[in-house]
Structure formats: C-alpha cells, structure tokens
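Colleague: Protein sequence lines correspond, in order, to chains X and V.
Using the working numbering, the first residue of the first sequence is number 1354, and each one after it goes up by one.
Using the working numbering, the first residue of the second sequence is number 69, and each one after it goes up by one.
Glycine included, each C-beta is placed from N, C-alpha and C at the ideal position.
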Amino acid sequence: MKNFHQSYQNQIKRSVGERVFDGFNIIFMILMSVVMLYPFWYILIYSFNKGEDAARGGIWFWPRAFTTANYAYVLSYPDLHTAALVTVARCLAGPLLSVAICLMAAFALSKRFLPGRRAIIFFLMGPMFIGGTVVSNYIVIAKMHLLNNFLVYILPGAFGYFTAVIMRSFIDGLPNDLQDSAMLDGAGYWTVFWRIIVPLTKPCIAAFLFFSVVSNWLDLQANLLYVTKRSLYTLQYIMYMVISSTEANNIINVNSTNAGAIITQLNQSHSIPTPQVVQMAIMVVVTFPILLVYPFFQKYFVKGMLTGAVKE
Amino acid sequence: MGRKVRSPRLKFANIQVLYLFLAPALLLTLIFGYLPMFSNIIAFMDYKITNPMFGLASPFVGFKWFSFLKEGWFYEIAGRTVLYSFMTLLFGFPASLILALLFNELRNQVFKKVVQTISYVPNFVSWVTTAGLVYLFLSVDSTGLVNNIAQSVFHLPRQSFMQNPNAFLPILIVTNLWKNVGWGTILYMAALSTIDEQIYEAAEVDGAGRWAKLVHITLPGLIPTFCILLIFALGGLFSVNFDQVFNLQNSVIRQDVMTINLYTYYNGIVNGNYPISTAVGLFQGVVSFILIYSVNKVTRRLADTGIF
C-alpha cells in the first residue's frame, strides 16, 4: 500500500524533462540489449546457412539457405568428442574438489582457538602478493609431471584463498550453538562438518560450484600452456584452433566422407561447408551450452558475487 | 570418567583433526604457490632445465638477465602495456558505474531485471569466442558488418582491421566494454541497495529533484565500492588481460602490439628462454605489488577504505 502510494506520487511529480530522460533511458537499454545479444544470434543463423551462400554476405536476421550440414561435419569431428568429454570431466571434478578443499579449510579457520591459526593464514595468503611468473609456474608444473596430464586442469586452481575467506565469513555467520551442542553429544569435527556445516552452507556451496563450473568451461590457459596432447584438448582450445588457424579445413577434409554419408542419409543436398561456417558451428557448440543454462542460475552467480562483497 | 566428560578437554584433545581439514589447502599452496615463487630464482641463474636438482643447481649469474632494464625494447613493450591497460580502464571503469546508475533509474522492475540479466551475458563467453566474433564482424569481405556500414554510410574503403596495429587498442577497449560493462555493475547495484530509502524520502520532502538525489545521495553511497574496485584495477595497470590480448592478436601484428604478458608467454614458454622471461615477469610482479600497495595507502588516507 505504501509503495503504491509512493509510486503514484512519483508519477504525478514527474516533469517533462524526467519523462524524456526515462524515454531515452529505455531506448538506451533496448539498444544495449541488442548489442549484447545480437552477436550470438548472428553466429547461430550463420551456422545454419550453406557455406557458399553465406560468403556472399547479407545474412543478418534469418538463414537464407538453411542447412544442418555444417553441424553434421562439426559433430562428426572426432577431436570435438574427446574435447567435450575432457571439458565435461574437468567441469565436474574441478569444482567439486575445489569447493571441498576450500570449505574444509574455511571450517578449520573459523575455529579461532586453533593453535597456529594466524601463521596458517599468513602462509595461505602469501602467494597472493608475489606469486609465480608464467615461466616459474610452467617449470613447477613440468617438474610435477603435470604437463599433458588431466590433473593440470584441476589441481593448480583447486585452492583459492579468497574463496576460503568468503566461505569462512559465511560459516562465522552461522549460529555456534548447533556445533557446540553436537560436540557435547560426542560428535567429532568430521561429523560436525558433514552434518552441520555442509547442509547449512548449501547456498554458498551452490554459488561457488556454478562459478567454478563456468570458469572451468571458459578456461583456455591451462590447455594452452601445459597440454600438447590432442586427446586432452578442451573445447575452448579446439575453438581457438578453429578460429585462429586452418583447423577448420581439417574438419572439412577429414570428415568429407564421413559426414557426406550422414547427409546422404538425411536426404539433403550435399554441400561442403566453408571454413567460416564451420567456425560458426563450432562457436555455437562451445558457447551456447553455458549461455542456455546461465539465466536459470543467474541468481546464484549474483549471490556468489555478493556474499564476498557484502560480508567484508 | 572417559566417555561422559567430553566437552572442553576432549574438544581440545581431538583438535588435531582440524589440521587434517587444512592439509589439502596447505599442500596445494605449497606446491602451486610457494614452489613457483621460489622458482623465480632462476631469473638470477644460467638456468638449464636439465641441470641437477630440477635445474636449480645452475650457476648464479646475479642480475645478468635484468639487463633488459637498460634496453629500449623493454620500455617499448612496458609503455604499451601501461597504455593498453590504462585506456581499457579509462573507458571500462566509469562505464559500469554509469550503467549501474541508469539501471537504478529504471522504474519498471521487470524490465530492469531483464536488461540486467542480458547485460551479464557476455561475461559468460570466453575470450576465444569474443575474438571469433570480432574477426567475423570486422571481416574485410562482404560478411563484415563494420566494413559494410563504413562503406555504405561513410563511403570509406574496406580495410582489414585485424591486420592493422592501430586498430588494436580500440578493439581492446570495445571488446572489454562489451564483455565486462554489465558484470561490473553488480557490486554497484549491491551498494545501491544498501542505501536507506528514507534518505531519499527526506530529500524529496526537502524538494530535491532526481539530479540532486543522484549527486548528493547515490554517488556518495557508491564511493567506497568505487575506491576498492579502483585499487584492484590500478594494481593491474602494469599487466594486460592475457586472454584478451592473446586471442585478439595474430602473427601479422604481433610485434607491433607486443605487451609484457605476451612477451613472457612467447619468449618464455614458446621459445624456451626461461631466465630472461622470468626476470621480466618478476619485475612486472614487483611493480604491480608496489602499485597496489601505494594505491591502497592513498585511498586509505583519502576515503578511509582499503583492502588491507
């Protein structure tokens, strides 16, 4: 009621200048939305267009010569399959391990009576100030036998000091009584952690899991720096090769017979895609999964961003 | 005795378990934090990876590899690094603040929510995708939107932007805006939501208009957030976003857009010149640390906010 009254008042008060401003603001927001979203629409329609036709240009809103052949080529590219497996594997294993390690550390650090707590905090914080360089990181990774090793996607980033600090402040915000009474009843720290801390920090865990899944999906550097074995390539790296080298030609050539067969089965007129439409199809395959799930989890992302900021 | 008198003493007795909780974090920090930190010592060595002790038994050569500090090429790439990151900051930093204020002025809450969500979308694609989009929209042939517009509206000749080193900085600025402007508003929006509604009402009673409320209430409420973000941003002034620069450059313009981060990658990892690249990287790390430390001191004195 109060809100209604207020907005009613505001409406009466609005001057001509304010209305003009509001109008421009809305127009600006619509333009911004177009700028943010149109590129994705563009690669989508492009990837469903026949290659030679698309090269003539002038496709802006709708495919002109519709085909799914580009996807038949891209999806029968064997490296894409292994890369998808590797990427999904790291997007599952990486976040779970990372959240587990950070939450365990956060739980221990939330116990202010832990002897040596300050020293441990200093130790964990140290590398944030002067860490390794690209080269010294590379040398350590090489000496740990992590080059061309799946674990290189998971281990180096598994513990994050900031993440642990945010989780600790979240745990600090929980009522202490629960833990105390559980311990009086004979529960050990391990039980308290599983039965009390994990269930109560679920929103926090969810936010970090989503964050971590996304950053694992988007990461290019681990692959670029430390992996040269084809069977361990990630989707981002495949896309990088397709965009910035002639890898697209390989997809077309290697798969010509393979995809050709599929297309004949589908009774479509066989058109060999151009490198450009292959690039578009790959970009759609690698980029869209995250874009499609993101709106549903958006509140977790924003919450995750904010638990860190507001709790300071 | 034993089982019943659990509380304080036994709590203390099994406290060692807590160190097990910390063990993975400590181990990972040691391996991936401290080992690389100490491995920086190869900047002072004639390092050969095949030498004994992981190559750390190589002979010390003092500051031999730091002779780049006397050479022109280093100041060229260092200057370019600062220029690039300063310019992207100059455009990107206020943009998020302004966008947050514009969001804040929207009256329809559903519309506001939708445009906010849309503005975050580019944050969820990688720089590889972004670079792919840039190549596509700036393409020379008839599929390139930017060239099409430049030709038909402004009658400019078609040009190959991606092979023109002068176009690199504008491309960095625009892609950075596109990708980060929306996401950058989140912290401002959070700060805005903490401003007490009553202050606005009181101001209205005193006859304050929209502009007066913006200048006297909203903006001051955002200053602490602004300062903290600025500290982080200025601390990164001596480095560029590697993913961004790496994906947008190509072999044609590489030498003309070389920045410190690209140099340490190409010279260190690709060409295997470990000691000199470590020296350059170490110098960069030290300068960045000094930057963030001094900016923190200044803002602490001015606005009473800091990060440590």
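Judging by CA-CA distance, which residue of Ile1558/X, Ser1489/X and Ser1584/X is the nearest neighbour of Phe1460/X?
Modeller: Minimum Cα distance to Phe1460/X is reached at Ile1558/X.
Colleague: Using C-beta distances below 7 Å, list every residue in its chain close to Tyr1579/X, excluding the 5 sequence neighbours before and after it, in chain order.
Modeller: Cβ neighbours of Tyr1579/X beyond the five flanking positions: Ile1494, Leu1499, Leu1500 and Val1505.
Colleague: Of the residues that make up the region 1484 to 1503 of chain X, which ones have a beta carbon closer than 9 Å to any beta carbon in chain V?
Modeller: So the list reads Gly1484, Gly1485, Thr1486, Val1487, Val1488, Ser1489, Asn1490, Tyr1491, Ile1492, Val1493, Ile1494, Ala1495, Lys1496 and Met1497, given in the order they occur along the chain.
Colleague: Using a Cβ-Cβ cut-off of 8 Å, state whether Ile1643/X counts as contacting chain V.
Modeller: Yes, its Cβ sits closer than 8 Å to a Cβ of chain V.
Colleague: Indicate whether at least one CB of chain V lies closer than 8 Å to the CB of Thr1421/X.
Modeller: No, Thr1421/X lies away from the interface with chain V (no Cβ there is under 8 Å from its Cβ).
Colleague: So Ile1596/X contacts chain V; which residues on that side make the cut at Cβ distance below 9 Å?
Modeller: The answer, in chain order, is Val196, Thr197, Ala199, Gly200, Tyr203 and Asn315.
Colleague: Give me the Cβ distance between Tyr1593/X and Val196/V, rounded to the nearest whole Å; I'm assuming they're in contact under 8 Å.
Modeller: Indeed, because the Cβ distance is near 5 Å, the residues count as touching under 8 Å.
Colleague: Between Asn234/V, Ser207/V and Gln219/V, which has its C-alpha nearest Ser228/V's C-alpha?
Modeller: Among Asn234/V, Ser207/V and Gln219/V, the Cα nearest to that of Ser228/V belongs to Ser207/V.
Colleague: What does a CB cutoff of less than 7 Å around Gly403/V pick up in its chain, not counting 5 residues either side in sequence?
Modeller: The requested residue 403/V does not occur in the structure, where chain V is confined to residues 69 to 376.
Colleague: I want to see whether chain V comes within less than 8 Å of Leu1562/X, judged by CB atoms only; does it?
Modeller: Closer than 8 Å: no.
Colleague: Compare the C-beta of Ala1425/X with all C-beta atoms of chain V and state if any pair is closer than 8 Å.
Modeller: Closer than 8 Å: no.
Colleague: What residue range is occupied by the uninterrupted alpha helix (DSSP H) comprising Thr332/V?
Modeller: It is not in any alpha helix (DSSP H) - Thr332/V carries neither H nor E in the DSSP assignment.
Colleague: What are the start and end residues of each continuous alpha helix (DSSP H) run of 4 or more residues lying completely inside the region 167 to 214 of chain V, in chain order?
Modeller: Entirely contained in the region 167 to 214 of chain V, the alpha helix (DSSP H) runs reaching 4 residues are, in chain order, 177 to 188 and 195 to 205.
Colleague: Residues of the region 259 to 282 of chain V in Cβ contact with chain X at a cutoff of 7 Å, in chain order, please.
Modeller: Hits within the stretch, in order: Arg278.
Colleague: Go through its chain and collect everything with a Cβ distance to Phe1482/X's Cβ below 6 Å, but skip five positions before and after it.
Modeller: Excluding positions up to five away in sequence, the list is empty.
Colleague: With distances taken from CA atoms, which of Asn108/V, Lys132/V, Trp133/V and Ser135/V is nearest Gly123/V?
Modeller: Here the closest residue by C-alpha is Asn108/V.
Colleague: With three or more C-beta pairs closer than 8 Å as the rule, is the region 1409 to 1421 of chain X touching the region 1520 to 1534 of chain X?
Modeller: Segments in contact, no.
Colleague: Within its chain, find whatever has a CB closer than 7 Å to the CB of Gln11/V; leave out the 5 residues flanking it on each side and keep chain order.
Modeller: Nothing about residue 11/V can be read from this structure; chain V reaches only from 69 to 376.
Colleague: Would you say Pro190/V lies against chain X (beta-carbon separation less than 8 Å)?
Modeller: Interface residue, yes.
Colleague: Looking only at C-alpha atoms, which of Phe154/V, Phe134/V, Ser362/V and Tyr87/V sits nearest to Asn309/V?
Modeller: Measuring from the Cα of Asn309/V, the nearest candidate turns out to be Phe154/V.
Colleague: Taking contact to mean at least 3 C-beta pairs separated by less than 8 Å, is the region 146 to 165 of chain V in contact with the region 243 to 258 of chain V?
Modeller: The answer is yes - the region 243 to 258 of chain V touches the region 146 to 165 of chain V, with three or more Cβ pairs under 8 Å.
Colleague: Got a sec, what are the start and stop residues for the alpha helix (DSSP H) His1434/X sits in?
Modeller: Pro1431 to Leu1462 is the span of the alpha helix (DSSP H), which, as asked, contains His1434/X.
Colleague: Going along chain X, which residues have a C-beta under 8 Å from Asn82/V?
Modeller: Correct list: Gly1541 and Tyr1542.
Colleague: Just the chain X side, please: which residues come within less than 8 Å of Asp209/V by C-beta, in chain order?
Modeller: Simply Ala1408 and Gly1410.
Colleague: How far does the alpha helix (DSSP H) with Met113/V in it extend, from its first residue to its last?
Modeller: Neither: Met113/V is in no alpha helix (DSSP H) and is coded neither H nor E.
Colleague: Could you tell me how far apart the beta carbons of Ser356/V and Gly289/V are, in whole angstroms, since I believe they sit closer than 8 Å?
Modeller: Not confirmed; about 30 Å, so no contact.
Colleague: Quick one: which chain X residues come within Cβ less than 9 Å of Gly349/V?
Modeller: Under the 9 Å cutoff, chain X gives Gly1485, Thr1486, Val1487, Val1488 and Ser1489.
Colleague: Grouping DSSP H, G and I as helix and E and B as strand, with all else coil, what is Asn1576/X?
Modeller: It is helical.
Colleague: Over what stretch of residues does the alpha helix (DSSP H) that includes Asn1569/X continue unbroken?
Modeller: It spans Lys1555 to Leu1571 - the alpha helix (DSSP H) in which Asn1569/X sits, taken as one unbroken run.
Colleague: Could you pull out every residue in the same chain whose Cβ sits closer than 8 Å to the Cβ of Tyr203/V, ignoring the five residues on either side in sequence?
Modeller: Met230, listed in sequence order.
Colleague: How about Asn341/V and Asn248/V: are their beta carbons less than 8 Å apart?
Modeller: In this structure, Asn248/V does not lie closer than 8 Å to Asn341/V by Cβ.
Colleague: Got a sec, what are the start and stop residues for the alpha helix (DSSP H) Ile1550/X sits in?
Modeller: Element bounds for Ile1550/X: n/a, residue is neither H nor E.
Colleague: Could you check the C-alpha separation between Tyr361/V and Asp324/V for me, to the nearest Å?
Modeller: Computed Cα separation, rounded: 31 Å.
Colleague: Please list the terminal residues of the continuous alpha helix (DSSP H) segment that includes Gly1513/X.
Modeller: Run containing Gly1513/X: none; DSSP gives neither H nor E here.
Colleague: Taking 7 Å as the limit between beta carbons, can you name the residues of its chain near Val1630/X, skipping five residues before and five after?
Modeller: Within the same chain, Val1630/X has close Cβ partners Tyr1399, Ser1400, Asn1402, Gly1404, Ala1407 and Asn1423.
Colleague: Just list the residues that DSSP pairs Phe1419/X with in beta bridges.
Modeller: DSSP, once it has assigned bridges, lists Asn1402/X as partnering Phe1419/X.
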